[in-house]
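Engineer:
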Amino acid sequence: MWTRKFWKDAAERAVKSAAQGALLYFGGDQLFDAWHANWAGVGAVAASAAVLSLLTSLVSAKVGDSTSASLVDTR
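The sequence shown runs 50 to 124 under this note's numbering.
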């Protein structure tokens, strides 16, 4: 059920979600200061987003195309 293609797709989605979570943590209207950033907080949000994305992909395997991490049937 979980093919190599599925895991590559799920990993790509998780990395994108982690990046989005990290960007969301800083907010769009604040000046970014790398020296004073709360990197532990950024890491926690990014890791949480990645885990949630992977869990969503695992659940999605039973709904859409079983070889993809998408909810949509791509066959």
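Cβ coordinates follow ideal geometry from the N, Cα and C atoms, glycine included.
With DSSP collapsed to three states, give me the class of F55.
Structural biologist: Looking at F55 - three-state DSSP - the assignment turns out to be helix.
Engineer: Can the beta-carbon of A63 be found closer than 8 Å to that of S117?
Structural biologist: In this structure, S117 does not lie closer than 8 Å to A63 by Cβ.
Engineer: Could you pull the start and end residues of the alpha helix (DSSP H) that V112 belongs to?
Structural biologist: From DSSP, V112 is part of no alpha helix (DSSP H); its letter is neither H nor E.
Engineer: Please check the pair Q69 and A96, which I expect to be a contact at CB under 8 Å, by giving their CB distance rounded to whole angstroms.
Structural biologist: Rounded, the Cβ-Cβ distance is 13 Å, inconsistent with contact.
Engineer: Please classify F55: is it buried, with 16 or more other beta-carbons within 10 angstroms of its beta-carbon, or exposed?
Structural biologist: By the neighbour-count rule (16 or more Cβ atoms within 10 Å), F55 is buried.
Engineer: Between the beta-carbon of V94 and the beta-carbon of A71, is there less than 8 Å?
Structural biologist: In this structure, A71 lies closer than 8 Å to V94 by Cβ.
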